[in-house]
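This report refers to the structure that appears directly beneath it.
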Amino acid sequence: MAAGAARELEAILDAAVDPFIACGPDERILHINAATERLLGWDREQLVGRPVTDLFPPRLHRFHGLSLPRYLLSRRKALGGRPTRVFARRRDGVELQVEVTVGATGLDGDERIVFTLRRLHEVIDSLEEPVEHISSGSGVASHQQTVDRLYRLLVENAPLGIFHFDRNPVITACNDLFASFIGTSKRNLVGLRLLTLRDEGIMTCVRESLAGRPCDYEGVYHSLTTGKEIPVRIRFAPCYAEDGTVEGGVGIVEDITERRRVEAEREENLAQLDLLFRGAPVGIGFLDTNLRYVRVNETLARINGIPAEDHPGHTLPELLGEPGAIAEQGPRYVLRTGEPLVDQESTSDEDLGAPGPRRWFRGNLYPVRTPDGRVLGVGVLIEDITERRRAEEERAHLYREAQEAIRVRDDFLSIASHELKTPLTPLSLRLATLERRLERGENLDPGVLRHARHQLTRLTGLINDLLDASRIEAGRLALHPESTRFDLLVEHTLAGMEGQKGNHTFEFEHPREPISVHGDTFRLEQVVSNLLENALKYSPDGGTIRVRLSLTEDVAVLSVTDPGIGIPEDQQQQLFDRYFRARNASTRSYGGLGLGLYISRDIVERHGGRIWVESAPGQGSTFYVALPTLASVQPALPQVWPDRHLH
Ligand code: ADP
């Protein structure tokens with residue numbers, strides 16, 4: 346054939362709508378036209394020389410013992426020119442259903458086999474029928490056309506991908522959205538065999554729906570053409586022919602990318618909430634309508650003293666026994682009334698009857714409802730406020746103590762001024778008397794002088810006590826201990842008080858042997874005279890003051906017993922506190938600053954001793970002072986030089 350004629354023929358073939366393929370007797374491709382290039386996605390240069398069977402799926406390469414072209418040629422007469430439906434294979438592997446007609450030209454050696462293909466897209470063409478065609482119709486046919494048209498519009502405009510398939514299963518129709526999911530055009534999809542989507546899940550659903558059972562598929566569809574991955578949900582349903590048999594199926598495709606994103610976001614939010622829930626410093630729990638725990642966080646588990654995982658499914662009484670039954674009254678009330686209980690405080694022991702140290706709780710209980718108002722259960726928020734309560738109590742205690750200190754200070758100031766002033770009036774009177782007598786040249790009365798001196802001594806004593814107390818507070822009361830005969834010290838002090846004893850008598854008992862202590866003579870005398878003065882002062886009716894000194898192994902014990910007013914039991918502990926004066930020692934009847942015993946205790950304790958009292962109101966008191974003897978405070982004798990201690 347002349348080259349010009351060949352080019353002309355080629356141009357004619359390229360202008361044809363249907364794809365043509367020509368091959369030689371060896372079944373290798375000699376020529377394809379432009380329509381074939383478009384349909385199958387190959388350039389003609391790539392195909393020339395390749396076996397024509399490359400354009401068909403491998404399973405069709407041999408048919409009934411013949412190659413596909415030979416088989417089709419053998420069927421030609423029987424078909425009488427009608428096409429055969431087969432699957433052609435595109436370059437990208439997608440299979441398309443086509444109608445093929447095969448012819449042969451020339452002799453054996455110069456044979457040409459010509460394939461004419463037709464893409465099966467009649468259905469899609471009918472979907473795209475313009476509206477005017479339908480509305481121009483009339484009668485039953487026109488009505489049917491209108492219904493079809495509406496149906497098509499519905500399918501086309503649906504926000505879901507929709508495709509129909511026949512029993513083969515080949516896609517017979519679809520909408521644009523479905524085509525966009527797959528990543529190709531609608532034209533390319535119609536006639537496509539579903540098997541070529543190569544997704545086992547989809548095929549299972551296809552088979553199910555062809556067996557008459559609807560089926561759901563959810564998965565990630567990998568587009569063969571665009572390579573995109575789209576999470577989809579496909580609902581498959583069978584389509585029935587008029588005789589009731591399944592003639593195919595329909596798939597409704599939903600792109601669930603957004604849903605997946607929302608789900609992922611929700612999961613993340615829930616995870617964050619869960620983190621908050623777990624770590625919250627407040628106990629959080631949820632009880633269902635049977636008052637069984639659904640969930641609790643770690644803090645509530647700690648409050649209940651039971652691991653969090655042991656809560657679900659159990660009621661409060663099941664978990665906590667009797668206290669749980671009491672605690673359950675709250676949520677029960679909330680369920681019954683639908684009213685919340687806000688800021689309820691309770692104590693573990695008094696309110697709930699739980700054993701162990703007292704704990705305080707503050708609880709909020711509220712009904713948990715669905716958006717339509719149905720009560721799902723009771724939300725529980727519990728705070729352990731024990732620490733806060735303790736701190737509050739501590740603060741209140743400190744406040745009371747501070748108030749008490751202020752009161753004591755005020756009392757002291759008024760007592761001190763009274764006490765200091767009391768001796769001054771008689772003193773100035775006596776001095777005035779003396780002055781008058783001197784002026785008149787009269788003899789001086791030694792009694793008046795003695796009294797004046799006594800008032801001065803008392804005043805000095807009070808001032809000394811005040812100074813000593815402030816020295817003790819500042820830690821500056823100095824002691825000068827030395828070996829001291831305690832028995833002689835007591836005797837000497839008693840003798841010094843002879844002038845003050847009035848209608849009292851002293852009785853002194855002591856062991857024969859001397860009692861020595863390591864002490865500050867002046868300060869120990871101060872202790873003894875304070876006890877004796879008190880014994881005299883608080884025994885207004887006179888009587889015997891018994892002073893006893895005894896010696897146990899290494900402790901000397903002095904006791905001073907008086908028949909006086911005694912001390913109320915609940916005040917005995919505080920007697921030795923600074924400024925403390927017992928209730929029954931009214932300022933008016935018994936002067937004093939409440940410092941003597943405070944100073945005495947400090948002195949005794951700093952000697953390694955102890956001071957205490959035994960007393961009953963109205964029955965007198967006995968004050969005891971125990972001091973370690975000198976022998977007991979001697980350092981242990983060194984073993985190596987015993988001689989040194991012999992002299
Ligand atoms: P005061 O100067 O008030 O006597 P003290 O410190 O010596 O101070 O005594 C403290 C308080 O102890 C006294 O106010 C008094 O209430 C009580 N008290 C001390 N000794 C006796 C006692 N022998 N009999 C009864 N009460 C006493």
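Be aware that the sequence shown starts at 346, since it is given in our numbering, and climbs by one per residue.
For every residue, glycine included, the Cβ atom is placed at its ideal position computed from N, Cα and C.
This one's a predicted model, so the numbers in the text were calculated from it and none came from an experiment.
beta-carbon residue i near the ligand ADP non-hydrogen atom, thresh 7 Å
{"i": "F925", "result": "yes"}
{"i": "A880", "result": "yes"}
{"i": "L942", "result": "yes"}
{"i": "I912", "result": "yes"}
{"i": "S966", "result": "yes"}
{"i": "L903", "result": "no"}
{"i": "Y883", "result": "yes"}
{"i": "G786", "result": "no"}
{"i": "D907", "result": "yes"}
{"i": "L1014", "result": "No information on residue 1014 is available, as it lies outside the stretch 346 to 992 that the chain covers here."}
{"i": "L664", "result": "no"}
{"i": "N875", "result": "yes"}
{"i": "T930", "result": "Checking the sequence shown, residue 930 turns out to be Ala, not Thr. Result yes, Cβ under 7 Å from the ligand ADP."}
{"i": "L920", "result": "yes"}
Contact check, residue i vs residue j, beta carbons under 8 Å
{"i": "G864", "j": "L972", "result": "yes"}
{"i": "G593", "j": "R538", "result": "no"}
{"i": "I629", "j": "L726", "result": "yes"}
{"i": "G394", "j": "R373", "result": "yes"}
{"i": "V565", "j": "G506", "result": "no"}
{"i": "L710", "j": "P662", "result": "no"}
{"i": "A901", "j": "I956", "result": "no"}
{"i": "R816", "j": "L822", "result": "yes"}
{"i": "E444", "j": "R463", "result": "yes"}
{"i": "V872", "j": "V949", "result": "yes"}
{"i": "T974", "j": "D899", "result": "yes"}
{"i": "A379", "j": "D359", "result": "yes"}
{"i": "P856", "j": "L903", "result": "no"}
{"i": "P913", "j": "R928", "result": "yes"}
{"i": "V551", "j": "Q442", "result": "no"}
Alpha-carbon to alpha-carbon, residue j and residue i
{"i": "A672", "j": "V627", "result": "17 Å"}
{"i": "E390", "j": "R383", "result": "14 Å"}
{"i": "A750", "j": "R923", "result": "10 Å"}
{"i": "G954", "j": "L811", "result": "23 Å"}
{"i": "T644", "j": "G683", "result": "26 Å"}
{"i": "V595", "j": "R407", "result": "32 Å"}
{"i": "R637", "j": "E612", "result": "26 Å"}
{"i": "L499", "j": "T541", "result": "28 Å"}
{"i": "V687", "j": "T634", "result": "19 Å"}
{"i": "M842", "j": "S874", "result": "8 Å"}
{"i": "C519", "j": "A609", "result": "31 Å"}
{"i": "L424", "j": "A449", "result": "15 Å"}
{"i": "G577", "j": "Y562", "result": "With the sequence shown as reference, residue 577 is identified as Val, and Gly is not the correct amino acid for it. Spanning the two alpha carbons is a distance of roughly 8 Å."}
{"i": "V641", "j": "H656", "result": "7 Å"}
{"i": "R436", "j": "Q617", "result": "49 Å"}
{"i": "L881", "j": "T967", "result": "12 Å"}
{"i": "K766", "j": "H799", "result": "14 Å"}
{"i": "D947", "j": "I730", "result": "41 Å"}
{"i": "N614", "j": "R430", "result": "54 Å"}
{"i": "I910", "j": "K846", "result": "17 Å"}
{"i": "R427", "j": "G451", "result": "22 Å"}
{"i": "L758", "j": "E764", "result": "10 Å"}
{"i": "R994", "j": "G937", "result": "The requested residue 994 is not part of the displayed model; the chain covers only 346 to 992."}
{"i": "R714", "j": "R681", "result": "14 Å"}
{"i": "A976", "j": "P826", "result": "14 Å"}
{"i": "I944", "j": "L664", "result": "58 Å"}
{"i": "S934", "j": "G669", "result": "60 Å"}
{"i": "A361", "j": "D388", "result": "17 Å"}
{"i": "T549", "j": "L632", "result": "44 Å"}
> What are the uninterrupted segments assigned as alpha helix (DSSP H) that are 4 or more residues long and contained completely in the segment 576-648, given in chain order?
Replying inline: Qualifying alpha helix (DSSP H) stretches, in chain order: 602-624.
> Going along the chain, which unbroken runs of the alpha helix (DSSP H) with 4 or more residues stay wholly within the segment 723-792?
Replying inline: Complete alpha helix (DSSP H) runs here, min 4: 731-766, 769-785.
> Whole beta strand (DSSP E) runs in the segment 499-585 with 3 or more residues, listed along the chain?
Replying inline: Counting only runs of 3 or more, we get 506-511, 516-519, 560-567, 574-585.
>> At 4 residues or longer, what runs of the alpha helix (DSSP H) sit wholly inside the segment 384-427?
In response: Qualifying alpha helix (DSSP H) stretches, in chain order: 389-392, 413-419, 421-424.
> Enumerated in chain order, which unbroken segments of the alpha helix (DSSP H) with a length of 4 residues or greater are wholly contained in the segment 846-903?
Replying inline: Contiguous alpha helix (DSSP H) elements confined to the segment 846-903 occur at 866-882, taking only those with 4 or more residues.
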